[in-house]
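Here is the structure we will look at, set down as structure tokens.
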Amino acid sequence: MPAHRHPTVQDQVALTEIDLTGELMIAAAAASEDRLSTDRIDELLHVAGAPHGDRPDRQAPDAP
């Protein structure tokens, strides 16, 4: 008889990563430009970056 499976912390992390990936995919599909800016990606991922004057200019790498 299979044991009843309870969600673990890793399951919650995986679900959060899947949700954020989905948000990125939706935003990328809706974007008018070729790629999302790093600022937009940070916004979607709920990342608080350093103030613009304190970090080097970041750009997404060119896709092949």
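Per our numbering, the sequence shown starts with residue 11, numbered consecutively.
Even glycine gets a Cβ: it sits at the ideal position worked out from N, Cα and C.
Can you tell me where the alpha helix (DSSP H) with Asp52 in it begins and where it stops? Looking at the DSSP string, the run of the alpha helix (DSSP H) that includes Asp52 is 48 to 54.
Beta-carbon contacts of Glu33 that lie in its chain and below 7 angstroms, excluding the five residues immediately before and after: Exclusion of the five residues before and after Glu33 leaves Leu54 as the residues of its chain whose Cβ lies within less than 7 angstroms of its Cβ.
Determine the direct distance from the alpha carbon of Thr26 to that of Ala39, and round the result to whole angstroms. Going by the C-alpha atoms only, they are around 20 angstroms apart.
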